[in-house]
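*Asks:* One structure is given below, represented as structure tokens, and several questions about it will come after.
Residue numbers (our numbering): 67 to 330.
As structure tokens, this is what we get:
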């Protein structure tokens with residue numbers, strides 16, 4: 067009688083069909099690997115949800131770093147379900163790093179590895195920050211890829227040696243910028259922070275005034291104070307800084323945020 071071998075379930079996500087099918091076939095030749103392929107972010111999400119419903123969850127997801135660019139001429143991120151900062155939804159173009167973030171939020175047991183055509187410390191750092199366990203060149207050997215797949219299942223993180231210094235620099239810089247942004251946001255008064263949250267939500271001056279029961283002139287003053295304290299010169303820059311600091315948008319549903327100077 068033969069001995070049952072525990073199989074590693076792998077999902078390959080790449081919109082280059084020939085590459086995806088070739089990689090899936092090569093991996094499937096391994097006795098302990100079971101492989102499926104998806105050609106887009108939404109297709110991958112459907113595969114993951116179906117597998118979870120059937121009790122046959124994937125262990126590792128291999129994701130094209132340039133996912134979505136082939137079909138859309140440029141990838142973009144879409145809001146993730148379950149309140150994730152960025153991730154996946156059922157429809158629309160989804161880039162590889164956004165897919166990693168969405169899966170990390172919804173199915174954190176799945177290890178993700180990003181497959182890239184070129185070394186890019188900034189994007190590799192973004193992938194790790196999103197929850198990826200590795201960044202691997204698409205032209206690496208099959209044995210190297212199998213080593214990474216088995217390694218991430220042991221909670222290892224895999225990066226090309228040539229990228230390590232650059233990725234560490236990017237992660238350190240991102241943390242420093244976040245800390246600086248948080249300090250600037252903390253310098254705002256509670257009312258100014260609420261105005262900033264409305265700006266993050268995309269509300270204009272008139273809409274903010276109506277929402278907070280303030281005059282447009284008062285809102286204009288608050289907005290100018292926010293820009294001055296944050297050290298930026300535009301609403302767009304203020305919103306970008308706020309997001310780095312982890313400031314979320316004001317809720318656009320439910321009760322009014324403030325009334326008569328008191329929080330509702």
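The beta carbon of each residue, even a glycine, is placed where N, CA and C say it ideally should be.
1. Confirm, please, whether the CB-CB distance from residue 180 to residue 193 is below 8 Å.
2. Here's the rule: buried if 16 or more other CB atoms are within 10 angstroms of the residue's CB, otherwise exposed. What is residue 91?
3. Going by DSSP in three states, residue 336 sits in which element: helix, strand or coil?
4. Assuming the contact rule is C-beta atoms closer than 8 Å, residue 188 and residue 218 should be a hit. Round their C-beta distance to whole Å, please.
5. Once the 5 residues before and after residue 251 are set aside, which same chain residues still bring their CB inside 8 Å of it?
6. Please state whether DSSP places residue 224 in a helix, a strand or coil.
7. Residue 104: buried (16+ other C-beta within 10 angstroms of its C-beta) or exposed?
8. Rounded to the nearest angstrom, what separates residue 174 and residue 108 at their Cα positions?
9. Are residue 106 and residue 81 touching if we call contact CB-CB under 8 Å?
10. Check residue 285 in the structure and name its three-state DSSP category.
11. In the DSSP assignment, the alpha helix (DSSP H) including residue 114 goes from what residue to what residue?
12. Distance check for residue 305 and residue 205, CA to CA, integer angstroms please.
13. For residue 164, which of 271, 207 and 195 has the nearest alpha-carbon?
14. Identify every run of the alpha helix (DSSP H) within the stretch 74 to 102, keeping only runs that are complete inside it and at least 4 residues long; order them along the chain.
15. Decide if residue 130 is buried, meaning its Cβ has at least 16 other Cβ atoms within 10 Å, or exposed.
16. My guess is that residue 266 and residue 315 are in contact by the Cβ rule of under 8 Å, so how many angstroms apart are they, rounded?
17. Quick one: grab the DSSP three-state call for residue 309.
18. Please list the terminal residues of the continuous beta strand (DSSP E) segment that includes residue 128.
19. Note down, in chain order, each residue of its chain lying with its Cβ closer than 6 Å to the Cβ of residue 170, except the 5 sequence neighbours on either side.
20. For residue 19, which of helix, strand or coil comes out of DSSP?
21. Is residue 114 closer than 8 Å to residue 124 when the C-beta atoms are compared?
22. Just to confirm, are residue 202 and residue 212 a CB contact at a threshold of 8 Å?
23. Alpha carbons only, please: which of 111, 270 and 231 is nearest the one belonging to residue 172?
24. Report the partner residues of residue 182 according to the DSSP bridge assignment.
*Replies:* This is what the structure gives:
1. yes
2. exposed
3. The structure shown has nothing for residue 336, since the chain only spans 67 to 330.
4. With a Cβ gap of about 21 Å, residue 188 and residue 218 do not count as contacting.
5. 259, 262, 296, 307, 308, 311 and 313
6. strand
7. buried
8. 18 Å
9. yes
10. helix
11. 107 to 119
12. 39 Å
13. 195
14. 83 to 94
15. buried
16. 4 Å
17. helix
18. 126 to 130
19. 197
20. The question about residue 19 has no answer, for the chain in this structure spans 67 to 330.
21. yes
22. no
23. 111
24. 203
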